[in-house]
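With the first letter of the sequence shown counted as 1, position 352 gets the number 452 in our numbering; the numbers rise by one all the way through.
For glycine and all other residues, C-beta sits at the position ideal for the given N, C-alpha and C.
Below: the structure, in C-alpha cells.
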Amino acid sequence: MTSSARPLLNRRLAEFGTTIFAEMSALAASTGSINLGQGFPDTDGPQEVREAAVRALRDGRGNQYPPGPGIPELRTAIAAHQQRRYGLSYDPGTEVLVTAGATEAIAAALLALLEPGDEVVAFEPYYDSYAACIAMAGGVRVPVTLRPHEDGRSFRLDLDELRDAVTDRTRLLLINTPHNPTGTVLTHEELRAIAELAVERDLLVVTDEVYEHLVFDDAEHLPLATFPGMRERTVTIGSAGKTFSFTGWKVGWVTAAPGLVTAVRSAKQFLTYVSSGPFQYAVAEALALPDAYFEGLRADLRAKRDLLATGLAEAGFAVFRTAGTYFITTDIRPLGQSDGFAFCRSLPERAGVVAIPNAVFYDHREAGAPFVRFAFCKRTEVLEEAAQRLKALAG
101 MTSSARPLLN RRLAEFGTTI FAEMSALAAS TGSINLGQGF PDTDGPQEVR EAAVRALRDG
161 RGNQYPPGPG IPELRTAIAA HQQRRYGLSY DPGTEVLVTA GATEAIAAAL LALLEPGDEV
221 VAFEPYYDSY AACIAMAGGV RVPVTLRPHE DGRSFRLDLD ELRDAVTDRT RLLLINTPHN
281 PTGTVLTHEE LRAIAELAVE RDLLVVTDEV YEHLVFDDAE HLPLATFPGM RERTVTIGSA
341 GKTFSFTGWK VGWVTAAPGL VTAVRSAKQF LTYVSSGPFQ YAVAEALALP DAYFEGLRAD
401 LRAKRDLLAT GLAEAGFAVF RTAGTYFITT DIRPLGQSDG FAFCRSLPER AGVVAIPNAV
461 FYDHREAGAP FVRFAFCKRT EVLEEAAQRL KALAG
C-alpha cells in the first residue's frame with residue numbers, strides 16, 4: 101500500500117495534469133461545438149500515401165519490429181528531403197533517427213542531452229510538451245517571451261532578452277520555427293543571431309521544425325542547421341503528421357551529427373523502442389512527392405487561414421498575422437474580455453466553437469492571458485460555419 105501522505109505523482113511532474121487539449125476536446129464533444137482547439141486536420145492526407153501504407157501491411161512489411169533507427173527506406177528519404185530542400189547532407193545510416201512523432205523526438209533529445217540542473221532556454225509561449233520533457237529530464241526551463249510587435253500584427257523575438265537569458269548554467273536552446281502557437285517564422289537575421297550565440301556560448305540546440313512546409317506569404321523556413329557552426333551542435337526535429345495530414349501515424353525524425361543521434365537514440369530505445377512500422381514505408385514515399393504537393397498544401401492552408409482570420413476579425417477579435425503553422429492567435433480584449441481561460445470555457449455555449457487559451461503555453465501566465473488560439477486545418481465548410489457562429493460575439 102502507498103502511504104496516503106506521499107503524493108503518487110513525482111515532484112517533477114506535479115505541475116502537469118490533464119492537458120488543455122483533452123479538456124477542450126471533451127467540451128467540444130459534450131456541447132456539439134466546432135473544435136478549432138486541437139491542431140489536427142479533419143481530412144486525411146494524399147490517397148497514394150494511404151495506399152502505400154495499405155500495401156506495406158499486405159506485403160508484411162513493418163508488421164513486426166522495424167529496425168531501431170527506422171527502416172532504411174525512410175531514413176534515406178529523410179536524408180534526401182533535407183538535401184533537396186535545404187542543401188543539408190546527412191548520412192542515413194548514422195545521422196538520421198526515426199521516432200514516434202516529434203513529441204518523442206523532443207523527449208528523447210532532452211532526456212539524452214540534459215543533466216539535472218541544466219538550464220534550457222525556450223521561446224514562450226511554447227508547446228506544452230516542452231515544459232514536461234524538460235521537467236522529466238531534471239532540467240530548468242528559462243522562458244524568453246515572444247511579444248506582440250508594435251505593428252499589432254505579429255509576435256517577435258527580443259534578441260537582447262535571449263542573450264541575457266543565457267548563463268553559465270545554460271546547456272541547450274530549444275527553438276521552434278515556424279512557431280506554435282503564435283505563427284511566427286524566425287527571420288534570417290534572427291536565426292543568424294541565435295546561431296552566433298550558440299557558437300559563442302558553446303550551446304547545444306534542439307530545433308522543432310515540424311511546420312517547415314506550412315509557411316505563407318513572404319515567409320521562408322530556414323533550418324538553423326544551415327547556419328555556420330550549427331550543423332554539429334543542432335538536433336533538428338521533423339514530422340510527417342503536419343506535412344501529410346496523418347497525425348495519428350506518429351512518424352517523426354531527428355537529423356543531427358552522429359554523436360548527437362547516438363545520444364538521442366540511447367534515450368529513445370527505452371521509450372517506445374520502435375513504432376509505426378508499416379507507416380514508415382508510406383512516409384518514405386510521401387517525402388518523395390513532387391513540389392506541386394507541398395505548394396498545393398500551402399495554398400490550401402493559406403486560403404483557410406484567410407477565411408478564418410476574416411471571420412475572427414468580423415466577430416471582433418484582434419487577429420495576429422500567421423506566417424506559418426496552422427494556428428491563428430487572437431486578442432480577446434477588443435471583445436471586452438481579458439481572461440483567455442474563462443473566455444474559452446464559455447465560448448462553446450456562447451458561439452458553439454472551441455478554442456485554446458494561449459496562457460497554458462506560458463510560464464508567465466499573465467503575459468498570455470488575453471490571447472486565444474484557433475486552428476484552421478479544417479474543411480472549408482467547417483471554417484465557414486465557425487465564422488458564422490462567431491458572429492454572435494459581435495453583438
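On a CA-only basis, which of the options is nearest residue i? Give me that one, please.
i: D370; options: A208, G187 and Y186; result: The sequence given here places Phe at residue 370; Asp does not occur at that position. With distances taken between Cα atoms, F370 lies closest to A208.
i: Y373; options: L108, P166 and L188; result: P166
i: L109; options: E148, D142, E414 and A235; result: A235
i: Y462; options: I120, P141, P243 and E173; result: P243
i: R445; options: S133, E195, R112 and N280; result: S133
i: L257; options: I120, R185 and T287; result: T287
i: V299; options: L322, V315, P278 and R263; result: R263
i: V453; options: G411, R465, G468 and A467; result: G411
i: P141; options: R333, P169 and D400; result: D400
i: T429; options: L435, N458 and E204; result: N458
i: R333; options: E309, S339 and V305; result: V305
i: A205; options: S339, A105 and R111; result: S339
i: Q138; options: E485, F474 and E484; result: F474
i: A363; options: E485, V335 and L435; result: V335
i: E289; options: L435, L259 and P281; result: L259
i: E309; options: A293, T270, G352 and E261; result: G352
i: A293; options: D268, E261 and P281; result: E261
i: V361; options: R398, Y190 and D218; result: Y190
i: R269; options: D218, S254 and F344; result: D218
Given this structure, state the Cα-to-Cα distance separating residue i from residue j, to the nearest angstrom.
i: A325; j: L272; result: 14 Å
i: G252; j: K342; result: 28 Å
i: L136; j: G160; result: 37 Å
i: F471; j: F420; result: 10 Å
i: L127; j: D228; result: 19 Å
i: Q380; j: R175; result: 9 Å
i: Q147; j: L157; result: 16 Å
i: F116; j: E151; result: 39 Å
i: D302; j: R405; result: 39 Å
i: A413; j: E123; result: 26 Å
i: T355; j: L188; result: 10 Å
i: V383; j: G145; result: 11 Å
i: K350; j: G396; result: 23 Å
i: P358; j: A200; result: 20 Å
i: F121; j: E173; result: 34 Å
i: F417; j: Q182; result: 38 Å
i: G468; j: T143; result: 31 Å
i: P378; j: A212; result: 27 Å
i: F346; j: A295; result: 32 Å
i: D391; j: V266; result: 39 Å
i: E481; j: S130; result: 21 Å
i: V149; j: A386; result: 6 Å
i: M330; j: T194; result: 18 Å
i: A105; j: T422; result: 48 Å
i: D439; j: E484; result: 26 Å
Excluding the 5 residues flanking residue i on each side, which residues of the same chain have their C-beta closer than 7 Å to its C-beta?
i: A388; result: A177
i: Q437; result: F443
i: Y186; result: P323 and T326
i: T203; result: S229
Would you please state the rounded distance, in angstroms, between the beta carbons of residue i and residue j? I believe it to be under 8 Å.
i: L297; j: A222; result: Wrong, their Cβ atoms sit about 14 Å apart, outside the cutoff.
i: C477; j: Y426; result: 4 Å
i: A442; j: R489; result: Between R489 and A442 the Cβ distance is about 19 Å, and since that is not below 8 Å, they are no contact.
i: L408; j: A487; result: 6 Å
Does the Cβ of residue i lie closer than 8 Å to at least one heavy atom of the ligand NAD?
i: S229; result: Of the ligands one can find in the structure shown there are none, so the ligand NAD has no counterpart to examine.
Looking only at its own chain, which residues have a Cβ that is under 8 Å from the Cβ of residue i, when we skip the five neighbours before and after it?
i: L89; result: The displayed coordinates of the chain run from 101 to 495. Any statement about residue 89 would go beyond what the structure contains.
i: G424; result: T277, P278, H279, G283, T284, V285, Y311, L314, V315, F316, A319 and H321
What does a CB cutoff of less than 6 Å around residue i pick up in its chain, not counting 5 residues either side in sequence?
i: V220; result: I234, G239, R241, L272 and L274
i: G365; result: The sequence as given places Arg at residue 365; Gly does not occur at that position. Counting only Cβ-Cβ distances below 6 Å, and skipping sequence neighbours, we find L197.
i: H249; result: R256
i: I432; result: F443, P470 and V472
i: M101; result: Any reading at M101 must be qualified, since the residue scores a pLDDT of 46, below 50, and its modelled position is unreliable; the value itself is stated next. Around M101: no qualifying Cβ.
i: I171; result: Q380
i: P169; result: L197
Would a check of beta-carbon distances place residue i closer than 9 Å to chain D?
i: M330; result: Among the protein chains of the structure shown there is no chain D, as only one such chain exists.
Quick one: which unbroken alpha helix (DSSP H) runs of 4-plus residues sit fully inside the region 196-222? Chain order, please.
-> 201-213
Jot down the residue ranges of each uninterrupted alpha helix (DSSP H) in the region 321-375, minimum 4 residues, whole runs only, in chain order.
-> 340-344 and 358-368
Considering only residues of the region 215-266, which uninterrupted alpha helix (DSSP H) runs meet the minimum length of 4 residues and lie entirely inside it, listed in chain order?
-> Here the runs fully enclosed are 228-236 and 259-265.
Enumerate, from N- to C-terminal direction, the unbroken beta strand (DSSP E) stretches of 3 or more residues contained entirely within the region 374-446.
-> 427-431
Could you pull out every unbroken alpha helix (DSSP H) segment of at least 4 residues lying fully inside the region 273-309, listed in chain order?
-> 288-301
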